[in-house]
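J.: Residue numbers (UniProt numbering), protein chains in the order written: chain A, 1 to 866; chain B, 1 to 223.
1. Would you call the stretch 335-346 of chain A and the stretch 358-375 of chain A in contact, with 3 or more CB pairs under 8 Å?
2. May I have the straight-line CA-CA distance separating residue 42 (chain A) from residue 290 (chain A), to the nearest angstrom?
3. Consult DSSP for residue 261 (chain A) and reduce its assignment to one of helix, strand or coil.
4. Between residue 114 (chain B) and the rest of its own chain, which residues show a CB-CB distance below 6 Å, the 5 nearest in sequence each way excluded?
5. Along chain B, which residues have their Cβ under 9 Å away from the Cβ of residue 455 (chain A)?
6. Which whole runs of the alpha helix (DSSP H) in the stretch 686-737 of chain A are 4 residues long or more, in chain order?
7. Name the residue from A:288, A:276, A:311 whose alpha carbon lies nearest to the alpha carbon of residue 252 (chain A).
8. Along the chain, where does the beta strand (DSSP E) containing residue 207 (chain B) start, and where does it finish?
9. Between A:161, A:176, A:205, A:660, which lies nearest to residue 123 (chain B) when the distance is taken from Cα to Cα?
10. State yes or no: is the C-beta of residue 874 (chain A) within less than 8 Å of the C-beta of residue 627 (chain A)?
11. Please tell me whether residue 174 (chain A) has its Cβ less than 8 Å away from any Cβ of chain B.
12. Kindly list, in the order they appear in chain A, the residues whose Cβ is closer than 8 Å to that of residue 91 (chain B).
13. May I have a chain-ordered list of the alpha helix (DSSP H) segments no shorter than 4 residues that lie completely inside the stretch 272-298 of chain A?
14. Is the beta carbon of residue 130 (chain A) closer than 8 Å to that of residue 828 (chain A)?
15. Do you know offhand how far residue 123 (chain A)'s Cα is from residue 755 (chain A)'s?
16. Inspect the beta-carbon positions of residue 802 (chain A) and residue 722 (chain A) and report whether they are closer than 8 Å.
17. So, with DSSP's three-state summary, where would you put residue 10 (chain A)?
18. What are the start and end residues of the alpha helix (DSSP H) that includes residue 640 (chain A)?
19. By a C-beta neighbour count over all protein chains shown, 10 Å radius and 16 as the cutoff for buried, is residue 389 (chain A) buried or exposed?
20. Enumerate in chain order the residues of its own chain whose CB-to-CB distance from residue 367 (chain A) is below 7 Å, with the five nearest sequence positions on each side excluded.
21. Mind pulling the chain A residues with CB within less than 7 Å of residue 119 (chain B)?
22. Just verifying my parser: in three-state terms, what is the DSSP assignment at residue 830 (chain A)?
23. How far does the alpha helix (DSSP H) with residue 453 (chain A) in it reach, from first residue to last?
24. How close, in whole Å, do the beta carbons of residue 442 (chain A) and residue 630 (chain A) come, if the pair is a contact with beta carbons under 8 Å?
25. According to DSSP, simplified to helix, strand and coil, what is residue 835 (chain A)?
26. Which same chain residues end up closer than 7 Å to residue 81 (chain B) when comparing Cβ atoms and leaving out the 5 residues on each side of it in sequence?
27. Classify residue 189 (chain A): buried if its beta carbon has 16 or more other beta carbons within 10 angstroms, exposed otherwise.
28. Tell whether a beta-carbon distance below 8 Å holds between residue 320 (chain A) and residue 665 (chain A).
29. What's the call for residue 199 (chain A), buried or exposed, on a 16-neighbour Cβ count within 10 Å?
30. Consult DSSP for residue 516 (chain A) and reduce its assignment to one of helix, strand or coil.
31. Distance cutoff 8 Å, beta carbons only. Does residue 846 (chain A) sit that close to anything in chain B?
32. Could you confirm whether any beta carbon from chain A is found closer than 8 Å to the beta carbon of residue 83 (chain B)?
33. Out of curiosity, what's the CA-to-CA distance linking residue 243 (chain A) and residue 230 (chain A)?
34. Where does the unbroken alpha helix (DSSP H) through residue 353 (chain A) begin, and where does it stop?
35. Can you grab the Cα-Cα spacing for the pair residue 758 (chain A) / residue 433 (chain A), in whole Å?
36. Quick one: is residue 167 (chain A) near chain B, going by C-beta distance under 8 Å?
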């Protein structure tokens with residue numbers, strides 16, 4: 001089905017003969033009449049004013065509403081309930097009534113409410129028409145507010161409608177928080193299963209297993225309740241090499257098992273659960289339909305496979321997938337409320353809030369989540385959505401906090417306790433870290449996109465599970481010997497951002513091993529770390545860090561994009577944190593070696609026993625921000641996420657500096673972040689509203705049909721039979737057809753959506769026996785009645801109401817920059833091109849995207865799902 | 001779990017008291033009491049909390065103390081938040097005997113105490129849930145891999161029509177779905193649950209197949 005659709009759906013929708021005829025005289029007939037941006041034409045009258053003022057008349061030179069058309073409309077809305085029983089029996093045209101228009105409208109709305117439910121929405125891989133969806137919603141809203149005075153029941157319904165926006169985000173927040181809590185707990189447990197097991201209670205991780213062992217050494221070696229795999233197999237501790245080998249092998253074996261499970265789950269149950277999900281969520285939020293991408297199975301499998309793949313020690317994170325998981329929750333809960341479930345534009349408001357909740361729980365950064373949704377993912381983000389996102393992120397964070405997955409009463413793993421000041425001279429190394437992070441980001445994006453392209457075009461793509469297995473074996477085998485890569489990447493980052501205190505010297509002996517300087521006897525835990533030369537342990541740690549840096553930086557390129565849930569935040573932050581820590585240690589030693597340098601002589605006191613004025617942990621934090629900024633090109637949300645993540649409020653300026661330098665350095669080598677890169681690689685129809693269109697082409701250069709193409713498939717106002725229309729629908733796959741007055745004039749009357757036409761024809765046949773294939777179809781306001789056309793003749797069908805009478809039109813000489821603006825700002829799906837009122841062609845969103853791709857010297861055919 | 005447990009007992013007790021108040025149906029009271037005790041027992045069994053794994057701890061990390069040749073140690077004790085300090089956790093009775101009182105304070109200066117809370121029950125429930133889900137899905141996966149081809153073969157032999165045929169035009173599929181929903185409404189009483197489940201399952205399978213072909217075979221998405 002999908003294959004078929006893809007092959008067939010060419011947006012070369014339509015065309016025009018060179019027929020001419022200006023048809024100016026009837027301008028009011030189609031210009032003033034407004035957009036029937038609803039599927040249901042009963043709403044035409046209601047949406048009229050709004051639609052008109054919203055769209056067309058600013059862009060296209062439209063005439064004001066006249067009295068004539070108003071009465072026209074009352075008529076129409078009243079006596080033409082399309083889906084009602086009598087709808088297709090043409091009745092005598094009526095004289096305009098003087099009754100108040102609103103009551104008529106309400107009545108017709110009443111009749112049609114059942115029919116509205118039946119309307120299908122969009123097909124898979126189609127782009128939505130924001131304008132149409134929004135005005136559908138406004139209509140629905142107006143209907144509810146109008147009717148709420150009628151009875152207490154309707155009043156309750158109105159109330160429910162009003163608060164359902166908050167209710168749905170509350171539910172989304174609760175579910176996203178729960179999912180995140182479960183994932184965090186399971187990940188921690190599974191990661192420890194690689195190392196050993198808690199025989200008494202298998203569900204406890206190592207820390208919980210040793211929860212109450214009194215008086216242990218800091219390295220935790222004498223916790224007897226936790227058994228390493230070598231203990232489980234009964235190896236004696238004397239045989240050190242054997243123990244190491246058994247643990248090593250078990251580490252790899254468990255990792256492989258976990259990864260296999262994850263790969264199989266994804267392949268068998270929900271292929272859409274693979275990848276980070278953020279590029280797709282971003283595309284969906286921009287108005288694209290991917291059916292099943294935010295479904296129940298995707299949610300379930302992604303939630304299960306994400307901990308499995310993280311615990312398999314692959315270089316990937318669960319933070320990106322959490323955004324996808326939260327978006328799935330958003331989608332699922334929006335179906336509880338027809339207001340959101342049945343309206344794609346409104347649903348995207350919930351999804352925006354859900355994305356915020358996703359980041360909120362991924363990092364324990366509620367405000368950062370909201371900003372992330374605003375900066376990175378969302379396409380349409382009004383104030384209302386901002387508040388809802390805020391509330392959603394808050395709820396999610398609250399739930400996660402009450403589950404307390406880290407056992408440290410903080411939402412986050414990377415909480416820093418230190419409160420050391422930073423000095424002005426350090427902005428130079430911070431900037432350096434930022435630049436390096438940006439360069440890494442640019443290199444990573446380039447390499448990863450290349451590799452992903454290679455994967456999809458070569459035979460490698462045919463063996464997704466095998467690829468996962470090979471990667472897992474390589475990663476696990478290379479990770480185990482190095483203490484920094486042996487643990488979870490997030491545990492490593494948590495370790496790297498800490499400062500060296502006497503206590504931390506006990507827990508990570510290597511990283512904080514500086515040479516002992518003579519100290520006074522009464523020092524305590526609260527004393528800071530002293531400026532001292534690198535000790536033996538630290539020297540080893542530096543080597544290990546350097547190796548880990550190279551390994552992580554390389555392996556992440558190959559890992560991001562395998563067919564598992566793969567997040568990118570944690571691996572990038574890991575690379576950045578290692579880099580930052582190394583630079584921090586270097587800086588510290590520089591200060592130690594040259595204490596009198598002008599830069600820091602005044603900042604760092606020159607006593608004999610000096611407290612270090614450089615905190616390598618801070619550099620690790622800054623480095624993590626820089627690398628993540630380089631890869632994703634976030635700025636504001638990144639900084640907020642980072643300081644929420646670490647709790648280091650006073651380090652905002654270093655983080656900002658690093659994020660900025662990182663973005664500059666990265667943008668020098670290509671403007672797009674990794675998510676935009678993947679959107680382009682996959683050819684998703686994403687029209688970026690942040691980019692400017694700078695070329696000087698005209699609408700006529702872009703519109704379909706091109707010269708030499710077959711003419712546009714159009715629908716005539718009269719003179720077409722039901723059979724013709726059904727044939728047209730069957731033989732083409734276009735999403736809509738322009739309606740013109742006649743073959744000679746080619747004057748544009750409106751636009752009819754394929755689905756509307758199909759449903760209308762279906763209904764016509766369903767409701768009346770007399771509607772046959774040779775029934776005439778009329779798209780005019782006044783159609784002949786049954787009596788005038790004879791008794792035994794097939795009944796004429798009036799389809800005026802399904803026509804969108806106010807399609808967005810541009811003239812053939814409209815510059816493309818304006819057309820692109822119209823497309824991005826209004827979120828329309830297609831615009832018709834006219835010349836003197838004569839239909840020339842059509843521009844769809846995908847035509848615009850293809851045009852932009854061509855101008856950017858990319859392959860225009862790569863745009864997905866024509 | 002705790003909450004659920006106490007809620008159940010309370011509810012049952014309340015029920016029982018209610019009846020007692022009216023002075024009738026003594027058997028019912030007995031029954032309620034029994035039931036509540038059984039439930040309590042069941043929950044107790046299920047939650048299997050042991051004193052060893054209490055959910056709070058105070059953890060003091062102490063630096064080495066060269067004066068008395070003490071190595072670095074971590075002391076852990078189950079105490080409440082207000083008692084989480086060096087004096088109550090580290091300097092327990094046997095310890096106090098070891099070093100003179102003068103050195104207590106210098107030693108405590110070398111200790112850092114942290115109060116930590118966790119919930120073993122959450123851990124247990126979550127991990128068990130996860131393992132169960134993975135187990136179920138694995139079983140289902142195996143079932144689909146082994147049983148489905150056999151079932152399909154059998155079905156095809158029986159000349160059954162596949163409920164979902166791929167090559168349909170959009171138009172006919174639309175009519176079909178509307179017809180289908182009509183007939184579903186009509187047959188709601190008549191058709192067995194099994195059939196409906198089957199229908200949903202086959203629809204889902206078709207979806208997954210499409211997803212698989214677009215993600216894995218044609219490499220169009222999620223590259």
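For glycine and all other residues, C-beta sits at the position ideal for the given N, C-alpha and C.
T.: If we stick to the structure as given:
1. Output reads no: the stretch 358-375 of chain A does not touch the stretch 335-346 of chain A.
2. Confidence is the limiting factor: at residue 42 (chain A) the pLDDT is only 38, short of 50, which leaves the residue's position unreliable, though a coordinate-based value still follows. Near 29 Å, if we compare the C-alpha coordinates of residue 290 (chain A) and residue 42 (chain A).
3. In this structure, residue 261 (chain A) counts as helix in the three-state DSSP scheme.
4. Answer for residue 114 (chain B): 59, listed in chain order.
5. What residue 455 (chain A) touches in chain B: 219, 223.
6. Secondary structure in the stretch 686-737 of chain A: the alpha helix (DSSP H) runs of 4 residues or longer, each lying completely within the stretch, are 699-702, 722-731 in chain order.
7. For the residues A:288, A:276, A:311, the minimum Cα distance to residue 252 (chain A) belongs to A:311.
8. Counting along the chain, residue 207 (chain B) sits inside no beta strand (DSSP E); it lies in the alpha helix (DSSP H) bounded by residues 193-212.
9. It is A:205 whose Cα lies nearest to the Cα of residue 123 (chain B).
10. This structure leaves residue 874 (chain A) out entirely; chain A is present only between 1 and 866.
11. No - not a single Cβ of chain B is within 8 Å of the one on residue 174 (chain A).
12. For a Cβ distance threshold of 8 Å, nothing in chain A lies close to residue 91 (chain B): the least Cβ distance comes to about 13 Å.
13. Runs of alpha helix (DSSP H) with 4 or more residues, each lying fully within the stretch 272-298 of chain A, are found at 278-285, listed in chain order.
14. Contact: yes.
15. Straight-line measurement puts the Cα of residue 755 (chain A) at about 9 Å from the Cα of residue 123 (chain A).
16. Cβ atoms of residue 802 (chain A) and residue 722 (chain A): not closer than 8 Å.
17. Only weak support is given to the placement of residue 10 (chain A): the predicted model assigns it a pLDDT of 38, under 50, and the question is left unresolved by the model.
18. For residue 640 (chain A), the enclosing alpha helix (DSSP H) stretches over residues 636-646.
19. With 16 or more other Cβ atoms within 10 Å, it is buried.
20. Excluding residues within five positions, the ones whose Cβ falls inside 7 Å are 640, 644.
21. Near residue 119 (chain B) (Cβ distances below 7 Å), the residues of chain A are 404.
22. Looking at residue 830 (chain A) - three-state DSSP - the assignment turns out to be strand.
23. 427-457 is the extent of the alpha helix (DSSP H) around residue 453 (chain A).
24. Rounded to whole angstroms, the Cβ separation of residue 442 (chain A) and residue 630 (chain A) is 6 Å, and the two are in contact under 8 Å.
25. DSSP places residue 835 (chain A) in strand when its eight states are reduced to three.
26. Excluding residues within five positions, the ones whose Cβ falls inside 7 Å are 115.
27. A residue is called buried when at least 16 other Cβ atoms come within 10 angstroms of its Cβ; residue 189 (chain A) meets this threshold and is buried.
28. No, they are not a contact pair.
29. Exposed, since its Cβ has fewer than 16 Cβ neighbours within 10 Å.
30. Shown here, residue 516 (chain A) sits in coil according to DSSP, grouped into three states, outside any helix or strand.
31. At a cut-off of 8 Å between beta-carbon atoms, residue 846 (chain A) makes no contact with chain B.
32. Answer no: the Cβ-Cβ gap between residue 83 (chain B) and chain A never drops below 8 Å.
33. Looking at the backbone, the Cα of residue 243 (chain A) and that of residue 230 (chain A) are separated by about 5 Å.
34. Segment 344-363, the alpha helix (DSSP H) holding residue 353 (chain A).
35. Just so you know, the alpha carbons of residue 758 (chain A) and residue 433 (chain A) end up roughly 60 Å apart.
36. It does not: the Cβ of residue 167 (chain A) has no partner Cβ on chain B nearer than 8 Å.
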